[in-house]
C-alpha cells in the first residue's frame, strides 16, 4: 500500500524523530511511504482559538496536497481529530459546496497511526522490541473524538521485552490542551502535577502516548522535577527492533 505521511507541523518542528520512526515502521511492514513537501498545518491551532476564517485556506491546502492520496497516516490524534470532526464545519463556514464534498471524500482516508495499524490493517504485532517498563497516557482527542479505544494498548502488549504498566487516572487530562496551558497556566500545572504523580507511581521508565503535544507537556514536567521517567511517542517504540535499543 502507498501511504502518505502527514507529519503535522508540531512533529515536523519539534519531534522529527517520530516521523522518521513512522517511516521505518511502515516500510518494515511492507508499505511505500511518501512525504508531500507542500503540506502545512491542519489549522487546529487557528480553529480552536477562534480564528476560524483563517483555518479555511489551511483546509484548502490539505485537500490540494492529500486529495488524491490512497491513505493518509499521522502520528497525532489531535490533528486527525481536527480533520475528522472540524473540517466539515470549516468547509461549511467557507460556504463552498465543492470543498465540503472533497472533505467528505478525504475523511475516511485519514488515520491516526495506531488506528491504522490495528483497525485498518488488522495488525497488532509489528515485530517491535523495547525492553522497558512503560505506561500509556491516552490523550483527550484520542479518547473523546477519535475513539481509538484499545488500539495503542493492543500494539504495546505485543512488543517484545516491554512491560506495560497500568496508569491510574488514565482518563484524566494532562493539562496541556494547546493554548489552555498558556491561558490557564495555574490550572494546567495542577492537572499536570496529578498526571506526573500517577505516572511516577507506576514505576515506569517511559510514558508513551499518540500525541507529542501531550508528551511535551508531561515530559517538561517530569524533567523539571528531576524524574527518572521519560517520554517516548508510540511510533518510536513500535519502530524499535532488537539491536536498536
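Residue numbers (the numbering used here): 4 to 248.
Built from N, CA and C at the ideal position, the CB exists for glycine as well.
Selection from the options that minimises the alpha carbon distance to residue i
| i | options | result |
| --- | --- | --- |
| residue 217 | 96, 142 and 53 | 142 |
| residue 42 | 59, 73 and 8 | 8 |
| residue 59 | 74, 91, 69 and 32 | 91 |
| residue 12 | 31, 39, 195 and 70 | 39 |
| residue 116 | 101, 78, 93 and 181 | 78 |
| residue 222 | 234, 192, 191 and 145 | 234 |
| residue 147 | 85, 125 and 202 | 85 |
| residue 177 | 98, 161, 206 and 225 | 225 |
| residue 144 | 89, 18, 14 and 227 | 89 |
| residue 33 | 48, 4, 14 and 22 | 4 |
| residue 113 | 63, 101, 149 and 14 | 149 |
| residue 199 | 190, 188, 232 and 212 | 232 |
| residue 239 | 211, 100 and 37 | 211 |
| residue 172 | 203, 188 and 160 | 203 |
| residue 192 | 159, 161, 160 and 227 | 227 |
Own chain partners of residue i with C-beta closer than 7 Å, once the 5 adjacent residues on each side are dropped
| i | result |
| --- | --- |
| residue 164 | 132, 133 and 134 |
| residue 122 | 154 |
| residue 47 | 81, 82 and 85 |
Distance between beta carbons of residue j and residue i, contact taken as under 8 Å
| i | j | result |
| --- | --- | --- |
| residue 157 | residue 127 | 5 Å |
| residue 80 | residue 214 | 5 Å |
| residue 168 | residue 206 | 7 Å |
| residue 102 | residue 63 | 7 Å |
Opening and closing residue of the alpha helix (DSSP H) in which residue i lies
| i | result |
| --- | --- |
| residue 144 | 143 to 147 |
| residue 81 | 80 to 84 |
| residue 94 | 90 to 97 |
| residue 16 | 12 to 17 |
| residue 217 | 215 to 228 |
| residue 173 | No alpha helix (DSSP H) holds residue 173; DSSP gives it neither H nor E. |
| residue 68 | 55 to 69 |
Element boundaries [beta strand (DSSP E), containing residue i]
| i | result |
| --- | --- |
| residue 140 | Neither: residue 140 is in no beta strand (DSSP E) and is coded neither H nor E. |
| residue 191 | Not the beta strand (DSSP E): residue 191 falls in the alpha helix (DSSP H), residues 188 to 204. |
| residue 115 | 113 to 115 |
| residue 37 | 35 to 37 |
| residue 167 | 166 to 168 |
| residue 5 | 5 to 8 |
| residue 131 | Premise fails: residue 131 is in no beta strand (DSSP E) and is neither H nor E. |
Cβ-Cβ distance between residue i and residue j below 7 Å
| i | j | result |
| --- | --- | --- |
| residue 119 | residue 76 | yes |
| residue 209 | residue 137 | yes |
| residue 44 | residue 29 | no |
| residue 10 | residue 74 | no |
| residue 129 | residue 241 | yes |
| residue 140 | residue 110 | no |
| residue 66 | residue 105 | yes |
| residue 288 | residue 52 | The requested residue 288 does not occur in the structure, where the chain is confined to residues 4 to 248. |
| residue 220 | residue 170 | no |
Own chain, CB closer than 6 Å to residue i, minus 5 neighbours either side, in chain order
| i | result |
| --- | --- |
| residue 27 | 242 |
| residue 245 | 132 |
| residue 22 | 10 and 14 |
Close Cβ partners of residue i (< 8 Å) along its chain, the five nearest in sequence each way excluded
| i | result |
| --- | --- |
| residue 49 | 55, 57, 58 and 61 |
Any chain C beta carbon closer than 7 Å to residue i
| i | result |
| --- | --- |
| residue 168 | The chain labelled as chain C is not found in the depicted structure, where only one protein chain is given. |
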